[in-house]
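Residue numbers (the numbering used here): 2 to 376.
Structure first, then comments.
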Amino acid sequence: MQGAPPSVLHGEAGARTARRLLFHAHHQGFFSYALLGKDEWERVLLERGFVEEDVDLERGGVSETPHAFQAVRMRYGLDAAGAMLVVALRYAPDLAPEPAAARAARGLSPLPLPEAGKPVVTIGRFARGNWYREINARLAACAAAMSTEMATAGLPFFPPKRWQRFSNSRFPEKGLAVAAGLGSIGRNGLLIAEASRVTTTTTAKVPFPYASSAVLLGLMLLPFDIEEALMPRRRPPRTALSFCGNCRRCVEACPTGALHVAQQPVFERERCIQYYSSQLETLPAFIEASWQDQLYGCDLCLNACPYFRPDPEAYTDRGAIGGSLDAVSIARMSDDQLRALLKGSSLDQKWIAPGALRRNATLALRKRGASREAQ
Ligand code: SF4
Ligand code: SF4
2 MQGAPPSVLH GEAGARTARR LLFHAHHQGF FSYALLGKDE WERVLLERGF
52 VEEDVDLERG GVSETPHAFQ AVRMRYGLDA AGAMLVVALR YAPDLAPEPA
102 AARAARGLSP LPLPEAGKPV VTIGRFARGN WYREINARLA ACAAAMSTEM
152 ATAGLPFFPP KRWQRFSNSR FPEKGLAVAA GLGSIGRNGL LIAEASRVTT
202 TTTAKVPFPY ASSAVLLGLM LLPFDIEEAL MPRRRPPRTA LSFCGNCRRC
252 VEACPTGALH VAQQPVFERE RCIQYYSSQL ETLPAFIEAS WQDQLYGCDL
302 CLNACPYFRP DPEAYTDRGA IGGSLDAVSI ARMSDDQLRA LLKGSSLDQK
352 WIAPGALRRN ATLALRKRGA SREAQ
């Protein structure tokens with residue numbers, strides 16, 4: 002899909018549209034949000050490229066070749082896209098699994114929930130609900146509200162489906178978030194976001210009390226651009242490690258040496274448990290040795306981070322599978338059974354091999370057996 006360059010909103014129409022977009026982003030509960038003009042996000046794309054296909058964005062990805070870069074641009078119709086809304090949503094510290102009755106009503110089998118004393122496998126906090134779908138739904142609500150408002154104000158009408166939305170996508174989401182002034186990359190390679198608007202005050206004597214690394218990112222490409230001078234002021238991009246200082250807790254918490262203390266964040270994907278948790282390849286011995294009970298994701302470096310501040314009030318009813326499942330049941334499931342069980346959850350991604358999940362559960366069981374024997 003290719004098209005003519007987007008129209009540009011000038012004057013009061015542009016300024017008001019930009020302000021209203023940010024108002025709706027705030028109203029939808031996003032923690033951080035900002036607008037980038039087309040020139041700005043194009044610059045980031047040129048610098049960073051797109052993320053490799055079929056990998057977990059949180060813990061993977063490299064730039065594409067020039068040919069693949071063009072192909073992805075065409076697929077998303079980027080020539081015709083205008084400004085970009087960049088958002089961060091703070092996720093919950095935990096999430097209860099969807100009840101069996103509600104799952105049954107949607108044609109899904111019950112989750113194999115853990116029983117007392119039985120071995121479990123755990124799911125990273127960011128994946129306990131489908132926060133990616135939640136982000137997209139909230140962005141869709143912003144698009145619906147704005148398209149109606151614009152038409153009412155006599156501006157061109159752009160139907161909501163033309164406001165393309167992305168989360169956990171092939172865009173360099175972290176680079177775009179930094180460019181939009183949403184935060185800084187920490188030593189663990191993840192974004193530490195700053196609240197766009199502070200609605201409560203704290204007396205806690207902690208550095209940057211309104212920052213959180215418990216966020217996931219989303220993007221919305223607008224079907225029009227806005228003159229850069231009319232954009233609401235953004236925070237200037239922060240350099241990496243701006244919030245980290247001398248802290249090295251994540252480096253010390255990582256059992257596989259995937260993180261390092263250096264002038265810039267150094268994350269080695271090939272040493273990361275989270276990366277391997279979705280990949281059906283033979284695990285290196287040092288990864289296997291450090292594996293605990295992870296089914297998908299690994300929270301060890303995030304849990305150690307002083308900025309790991311999930312939102313206790315955050316909620317999504319999309320794909321809630323909770324924090325742990327019965328390890329024996331998962332280890333015995335076929336590929337089809339696992340796919341059916343995890344349908345609609347954040348583990349329902351094409352880069353997550355069911356066989357990898359089965360292997361992870363088997364490994365967790367073996368580890369538990371070994372630790373029992375050692376006692
Ligand atoms: S602590 Fe876990 S998620 Fe973090 S870098 Fe190490 S292996 Fe990866
Ligand atoms: S644990 Fe410390 S060094 Fe690591 S990302 Fe958080 S603040 Fe930065």
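Just so you know, even glycine gets a beta-carbon here, dropped at the ideal spot from N, CA and C.
Just to confirm, are residue i and residue j a CB contact at a threshold of 9 Å?
i, j, result
"residue 321", "residue 137", "no"
"residue 345", "residue 109", "yes"
"residue 235", "residue 181", "yes"
"residue 273", "residue 259", "yes"
"residue 244", "residue 190", "no"
"residue 233", "residue 19", "yes"
"residue 303", "residue 251", "yes"
Rounded to the nearest angstrom, what separates residue i and residue j at their Cα positions?
i, j, result
"residue 198", "residue 32", "8 Å"
"residue 128", "residue 78", "29 Å"
"residue 287", "residue 256", "9 Å"
"residue 332", "residue 366", "9 Å"
"residue 299", "residue 216", "15 Å"
"residue 318", "residue 160", "26 Å"
"residue 196", "residue 72", "35 Å"
"residue 162", "residue 145", "9 Å"
"residue 352", "residue 279", "7 Å"
"residue 187", "residue 48", "20 Å"
"residue 14", "residue 153", "12 Å"
"residue 41", "residue 164", "18 Å"
"residue 222", "residue 83", "6 Å"
"residue 38", "residue 254", "39 Å"
Leaving out five residues on either side along the sequence, give the residues of the same chain with a beta carbon under 7 Å from the beta carbon of residue i.
i, result
"residue 284", "277"
For residue i and residue j, which I take to be in contact (beta-carbon distance under 8 Å), what is that distance rounded to the nearest angstrom?
i, j, result
"residue 342", "residue 334", "7 Å"
"residue 11", "residue 229", "So it is not a contact: roughly 11 Å between Cβ atoms."
"residue 311", "residue 139", "Their Cβ separation, rounded to whole angstroms, is 17 Å, which puts residue 311 and residue 139 out of contact at 8 Å."
"residue 168", "residue 218", "7 Å"
"residue 214", "residue 308", "4 Å"
If you drop the 5 nearest sequence neighbours on each side, which residues of the same chain put their C-beta closer than 6 Å to that of residue i?
i, result
"residue 370", "none"
"residue 354", "281"
Answer with yes or no whether the minimum CB distance from residue i to chain D is below 9 Å.
i, result
"residue 300", "Going by chain labels, chain D is absent from the structure shown, which holds only one protein chain."
Leaving out the 5 sequence neighbours to the left and right, which residues in its chain are closer than 8 Å to residue i when beta-carbon positions are compared?
i, result
"residue 120", "294, 327, 328, 329, 365, 366 and 369"
"residue 292", "274, 284, 361, 364, 365 and 368"
"residue 112", "98, 99, 101, 104, 322, 323, 326 and 342"
Going by DSSP, what residues sit across from residue i in a beta bridge?
i, result
"residue 217", "90"
"residue 295", "123"
"residue 37", "85"
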